[in-house]
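**Q** Sharing a structure here in structure tokens format.
Protein chains: 2
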Amino acid sequence: MTQLVLRAMNRPEGMTTHEFAHRRLRQAIMVGAIPPGVALTIRGIAAAAETSPTPVREALRRLSSEGALQVLDNRRIVVPKMTVERFGELIALRTLLEQHAARQAVAHITERQIDQIAEIDSEIDTAIRAGEKETALLLNQQFHRLIYTANPEAMAMPMVESVWLQLGPFLGIAMQHVEELYVIDRHQEIIDALRKRDAEALADAIAADIREGIGGFGRQAIENLLRLAGQKPG
Amino acid sequence: MTQLVLRAMNRPEGMTTHEFAHRRLRQAIMVGAIPPGVALTIRGIAAAAETSPTPVREALRRLSSEGALQVLDNRRIVVPKMTVERFGELIALRTLLEQHAARQAVAHITERQIDQIAEIDSEIDTAIRAGEKETALLLNQQFHRLIYTANPEAMAMPMVESVWLQLGPFLGIAMQHVEELYVIDRHQEIIDALRKRDAEALADAIAADIREGIGGFGRQAIENLLRLAGQKPG
DNA sequence: TATTGAATTTTGTGATCACATTATGACAAT
DNA sequence: ATTGTCATAATGTGATCACAAAATTCAATA
Numbered sequence: 061m062t063q064l065v066l067r068a069m070n071r072p073e074g075m076t077t078h079e080f081a082h083r084r085l086r087q088a089i090m091v092g093a094i095p096p097g098v099a100l101t102i103r104g105i106a107a108a109a110e111t112s113p114t115p116v117r118e119a120l121r122r123l124s125s126e127g128a129l130q131v132l133d134n135r136r137i138v139v140p141k142m143t144v145e146r147f148g149e150l151i152a153l154r155t156l157l158e159q160h161a162a163r164q165a166v167a168h169i170t171e172r173q174i175d176q177i178a179e180i181d182s183e184i185d186t187a188i189r190a191g192e193k194e195t196a197l198l199l200n201q202q203f204h205r206l207i208y209t210a211n212p213e214a215m216a217m218p219m220v221e222s223v224w225l226q227l228g229p230f231l232g233i234a235m236q237h238v239e240e241l242y243v244i245d246r247h248q249e250i251i252d253a254l255r256k257r258d259a260e261a262l263a264d265a266i267a268a269d270i271r272e273g274i275g276g277f278g279r280q281a282i283e284n285l286l287r288l289a290g291q292k293p294g
Numbered sequence: 061m062t063q064l065v066l067r068a069m070n071r072p073e074g075m076t077t078h079e080f081a082h083r084r085l086r087q088a089i090m091v092g093a094i095p096p097g098v099a100l101t102i103r104g105i106a107a108a109a110e111t112s113p114t115p116v117r118e119a120l121r122r123l124s125s126e127g128a129l130q131v132l133d134n135r136r137i138v139v140p141k142m143t144v145e146r147f148g149e150l151i152a153l154r155t156l157l158e159q160h161a162a163r164q165a166v167a168h169i170t171e172r173q174i175d176q177i178a179e180i181d182s183e184i185d186t187a188i189r190a191g192e193k194e195t196a197l198l199l200n201q202q203f204h205r206l207i208y209t210a211n212p213e214a215m216a217m218p219m220v221e222s223v224w225l226q227l228g229p230f231l232g233i234a235m236q237h238v239e240e241l242y243v244i245d246r247h248q249e250i251i252d253a254l255r256k257r258d259a260e261a262l263a264d265a266i267a268a269d270i271r272e273g274i275g276g277f278g279r280q281a282i283e284n285l286l287r288l289a290g291q292k293p294g
């Protein structure tokens, strides 16, 4: 049994221990650092985070409510295993929610915010050219997040984050085995639609971005990736 | 300050204390028993649930991740206040998610399950005739839930539950002040579409059911209800 | 070799305590 | 009447402990 390692992060002042534990665990799940199906122990996480079990449990409760973790009948906590069916459902939900969130954002977004989003896009290109896949992944999320949160009442945002989190472990696997995951995107098309305040063009571009990115994996490719990652079927 | 009262419930064997606290708090929020904006105290809930603060905190973390509660900067925990904008967003999300969940369910649902759903529908009629609004509300949720969970990988279900939970406090208010909230529904239309395995007819019926039910409140009606409930604009 | 069963360890859970932060109320000054 | 100050109370937070349940180990048996 390999000991869990959490990436070192600097803790913002005023952040509680359980929030910090939540953030670090979330990051680990998002990049696929925690293999699906193997039990997480509270004491193990507490040791890795150098805290006591109490705040860790609160973080685990939150993550399970967010769909990132699954509480088994034995009360053990695991990262859910990916299946072809689950993957398809998550991609469909991602498209549905992000299209909706994008449409709702159009009426609120400012030119200043679009500039900022375009800035993130160029940072993504830089990260990809530098081969920093993990950075590119996080920046890509930030790109989408900045669009949707232009709507001050973006009620769908927590749900989008939940889907991202559930796709995270699989994305981590894909990043390790697939070279050209981010060579193409529809970001320029998204930015153009934003500047024109064209909600339908935006929704189309979002759908295409998802479809041609992570959503483009076929059944066979997904099964191969899951096998490569050593995930037992079940 | 009035003391919080949680409805007595029998605790299923094997259920943990924090799960039980979560369920009871969830129920209280769902029927609008906790006024929005007033701070919930951990010790107060612990006293009402006759437990210690530890499991209560875990329940509160879950509920905040589910959108039912909001953690303020002061670290105080409140039921979020409803606004016209938020209400509209929640209804839009409810429609979007439930239409999707219904479409995904059609391929999986069995005649036996449809029979069960029809049974719930007649129970709803009974409850309405008996004037038991709260029962009708819960049965209505069960009606919808049984449809969506026919799909074994109903990934949208937790999100639907989240929306229900966020609409809960407002529904509780509406129930107290509006007589004919449940006199009409599209349930028969939904059942017919299920029997025909007609996904599009089902999605239309779901949308109509929401639109003509809680979704039918106009801006003025919502503001009046919020005023009646004594909610300060904020 | 495979399997059962008991002993041991590990783990989840909830209560309790101590501490720092925040809210509250009393009272004085303007 | 309103504002500001300070003492007190209430609250959130995290560590620690005890207990029961579950998993693991390992020896005995088929």
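Chains H and U, in that order, give the protein sequences. With the working numbering, the residue at position 115 of the first sequence is 175, and numbering never jumps. With the working numbering, the residue at position 23 of the second sequence is 83, and numbering never jumps. Backbone N, C-alpha and C fix where the C-beta goes; we use that ideal spot for every residue, glycine too. The structure presented is a predicted model; accordingly, all values stated were derived computationally and were not measured.
Counting only beta-carbon atoms, is arginine 257 of chain U nearer than 9 Å to chain H?
**A** The residue labelled residue 257 of chain U in the question sits at position 197 within the second sequence. Output row for arginine 257 of chain U: interface = no.
**Q** Whole-angstrom Cβ separation of glutamate 272 of chain H and arginine 246 of chain H, contact assumed at under 8 Å?
**A** In the first sequence, residue 272 of chain H corresponds to position 212, counting from 1. In the first sequence, residue 246 of chain H corresponds to position 186, counting from 1. Confirmed, Cβ separation roughly 7 Å.
**Q** Taking the Cβ atom as the reference point for each residue, do histidine 227 of chain H and glutamate 126 of chain H lie within a distance shorter than 9 Å?
**A** If you number the first sequence from 1, residue 227 of chain H lands on position 167. If you number the first sequence from 1, residue 126 of chain H lands on position 66. Per the sequence shown, residue 227 of chain H should be read as leucine rather than histidine. The answer is no: Cβ separation not under 9 Å.
**Q** Suppose you measure from the CA of threonine 101 of chain H to the CA of histidine 78 of chain H; what does that come to, to the nearest Å?
**A** As a working note, residue 101 of chain H is residue 41 in the first sequence. As a working note, residue 78 of chain H is residue 18 in the first sequence. Answer to the nearest angstrom: the Cα atoms are 16 Å apart.
**Q** If you follow the alpha helix (DSSP H) that asparagine 284 of chain U is in, where does it begin and where does it stop?
**A** Along the second sequence, read from residue 1 onward, the residue named residue 284 of chain U stands at position 224. Note, asparagine 284 of chain U: alpha helix (DSSP H), 279-288.
**Q** Reducing DSSP to helix, strand and coil, say where glutamine 130 of chain U ends up.
**A** Within the second sequence, residue 130 of chain U is the residue found at index 70, counting from 1. Strand.
**Q** For the region 203-222 of chain H, which residues have a beta carbon sitting closer than 9 Å to at least one beta carbon of chain U?
**A** Cβ contacts with chain U come from Asn211, Pro212, Glu213, Ala214, Met215, Ala216, Pro218, Met219, Ser222.
**Q** Give the residues from the region 119-135 of chain H that approach chain U closer than 7 Å (Cβ to any Cβ), ordered along the chain.
**A** If the cut-off is 7 Å between Cβ atoms, the region 119-135 of chain H has Arg121, Arg122, Ser125, Glu126, Gly127 near chain U.
**Q** Which chain H residues sit within Cβ distance under 9 Å of glutamate 149 of chain U?
**A** Indexing the second sequence from 1 puts residue 149 of chain U at position 89. Correct list: Gln164, Asn211, Glu213, Ala214, Met215, Ala216.
**Q** When DSSP labels each residue in this structure, what does valine 144 of chain H get in the three-state scheme?
**A** Looking up residue 144 of chain H in the first sequence gives position 84. Here valine 144 of chain H sits in helix by DSSP.
**Q** Would you mind giving the Cβ-Cβ distance between leucine 288 of chain U and histidine 237 of chain U, rounded to the nearest angstrom? I have them listed as a contact below 8 Å.
**A** The sequence position of residue 288 of chain U within the second sequence is 228, counting from 1. The sequence position of residue 237 of chain U within the second sequence is 177, counting from 1. About 5 Å separates the two Cβ atoms, so the contact holds.
**Q** Helix, strand or coil for isoleucine 270 of chain H, going by three-state DSSP, please let me know.
**A** In the first sequence, the residue the question calls residue 270 of chain H occupies position 210. Correct three-state label for isoleucine 270 of chain H: helix.
**Q** Is the CB of threonine 114 of chain U under 9 Å away from at least one CB in chain H?
**A** As a first step, residue 114 of chain U is located in the second sequence; it is residue number 54 there, counting from the start. Chain H, which has a Cβ nearer than 9 Å to the Cβ of threonine 114 of chain U, makes this yes.
**Q** Quick one: which unbroken alpha helix (DSSP H) runs of 4-plus residues sit fully inside the region 178-230 of chain U? Chain order, please.
**A** Runs found: 193-208.
**Q** Which term fits glycine 232 of chain U, buried or exposed, when burial requires 16 or more other beta carbons within 10 angstroms of its beta carbon?
**A** Residue 232 of chain U sits at position 172 when you count from the first residue of the second sequence. Buried, since its Cβ has 16 or more Cβ neighbours within 10 Å.
**Q** Which class does valine 65 of chain U belong to by DSSP, given the choice of helix, strand or coil?
**A** What you label residue 65 of chain U is simply residue 5 of the second sequence in a count that begins at 1. Valine 65 of chain U: coil per DSSP, three-state reduction.
**Q** Could you give the DSSP three-state label for isoleucine 137 of chain U: helix, strand or coil?
**A** Counted from its first residue, the second sequence places residue 137 of chain U at position 77. DSSP places isoleucine 137 of chain U in strand when its eight states are reduced to three.
**Q** What distance in whole Å lies between the Cβ atoms of alanine 234 of chain U and leucine 285 of chain U, which are believed to be in contact at a cut-off of 8 Å?
**A** Position 225 of the second sequence, counted from the start, is the residue given in the question as residue 285 of chain U. Position 174 of the second sequence, counted from the start, is the residue given in the question as residue 234 of chain U. Confirmed, Cβ separation roughly 6 Å.
**Q** So which residues on chain U does histidine 160 of chain H lean against when the C-beta distance must stay under 9 Å?
**A** Taking the first sequence and counting its residues from 1, one reaches residue 160 of chain H at position 100. By Cβ distance, chain U contributes Ala152, Leu153, Leu156.
**Q** Under 9 Å between the Cβ atoms of isoleucine 251 of chain H and aspartate 181 of chain H?
**A** Residue numbering aside, residue 251 of chain H sits at position 191 when the first sequence is read from its first letter. Residue numbering aside, residue 181 of chain H sits at position 121 when the first sequence is read from its first letter. Contact flag set, yes.
**Q** Judging by CA-CA distance, which residue of H:Arg146, H:Pro96, H:Ile207 is the nearest neighbour of aspartate 175 of chain H?
**A** On the first sequence, residue 175 of chain H is found 115 positions in, with the first residue counted as 1. If we check each option's Cα against that of aspartate 175 of chain H, H:Ile207 comes out closest.
**Q** Can you tell me which residues form a DSSP beta bridge with leucine 254 of chain H?
**A** Here residue 254 of chain H refers to the residue found at position 194 of the first sequence. Leucine 254 of chain H is not bridged to any residue.
**Q** Compare the C-alpha of arginine 122 of chain U against each of U:Leu85, U:Ala93, U:Arg257, U:Glu239 and name the closest.
**A** Here residue 122 of chain U refers to the residue found at position 62 of the second sequence. Checked all of U:Leu85, U:Ala93, U:Arg257, U:Glu239; the closest Cα to arginine 122 of chain U is U:Leu85.
**Q** I'd like to check one pair, alanine 108 of chain H with valine 65 of chain H: are the Cβ atoms closer than 9 Å?
**A** In the first sequence, the residue the question calls residue 65 of chain H occupies position 5. In the first sequence, the residue the question calls residue 108 of chain H occupies position 48. Yes, the Cβ-Cβ distance between valine 65 of chain H and alanine 108 of chain H is below 9 Å.
**Q** Compare the C-beta of glutamine 87 of chain U against all C-beta atoms of chain H and say whether one is closer than 9 Å.
**A** In the second sequence, residue 87 of chain U corresponds to position 27, counting from 1. Chain H contact via Cβ: absent.
**Q** Within this structure, are the beta carbons of arginine 257 of chain U and alanine 187 of chain U separated by less than 9 Å?
**A** In the second sequence, counting from the first residue as 1, residue 257 of chain U sits at position 197. In the second sequence, counting from the first residue as 1, residue 187 of chain U sits at position 127. Contact flag unset, no.
**Q** Between which residues of its own chain and glutamine 130 of chain H is the CB-CB distance below 6 Å, once the five residues before and five after are set aside?
**A** Counting from 1 along the first sequence, the entry for residue 130 of chain H is found at position 70. The residues are Val138, Pro140.
**Q** Flag threonine 143 of chain H as yes if its beta-carbon sits less than 9 Å from any beta-carbon of chain U, otherwise no.
**A** Counting from 1 along the first sequence, the entry for residue 143 of chain H is found at position 83. Yes, threonine 143 of chain H lies at the interface with chain U (some Cβ there is under 9 Å from its Cβ).
**Q** With distances taken Cα to Cα, identify the nearest neighbour of glutamine 63 of chain U among U:Ala93, U:Met69, U:Met75, U:Ala259.
**A** Along the second sequence, one-based indexing puts residue 63 of chain U at 3. Measuring from the Cα of glutamine 63 of chain U, the nearest candidate turns out to be U:Ala93.
**Q** Looking only at DSSP bridge pairs, what is leucine 295 of chain U linked to?
**A** Residue 295 of chain U lies beyond the range of chain U shown here (61 to 294); nothing can be said about it.
**Q** Could you give the residue range of the alpha helix (DSSP H) that holds alanine 119 of chain U?
**A** Taking the second sequence and counting its residues from 1, one reaches residue 119 of chain U at position 59. It spans 113-125 - the alpha helix (DSSP H) in which alanine 119 of chain U sits, taken as one unbroken run.
**Q** Under 9 Å, Cβ to Cβ, is there at least one residue of chain U near glutamine 248 of chain H?
**A** Stepping through the first sequence from its first residue, residue 248 of chain H is reached at position 188. Judged by the 9 Å Cβ criterion, glutamine 248 of chain H is not in contact with chain U.
**Q** Am I right that alanine 210 of chain H and alanine 165 of chain H are in contact with their C-beta atoms under 8 Å? What's the rounded C-beta distance?
**A** Stepping through the first sequence from its first residue, residue 210 of chain H is reached at position 150. Stepping through the first sequence from its first residue, residue 165 of chain H is reached at position 105. 4 Å between Cβ atoms; contact.
**Q** Quick one, are the C-beta atoms of alanine 162 of chain H and proline 115 of chain H less than 9 Å apart?
**A** On the first sequence, position 102 is the one that residue 162 of chain H refers to. On the first sequence, position 55 is the one that residue 115 of chain H refers to. No.
**Q** From H:Ala216, H:Glu145, H:Ala178, H:Glu213, pick the residue whose C-alpha is nearest to that of leucine 199 of chain H; which is it?
**A** If you number the first sequence from 1, residue 199 of chain H lands on position 139. Ranking the options by Cα distance to leucine 199 of chain H, first place goes to H:Ala178.
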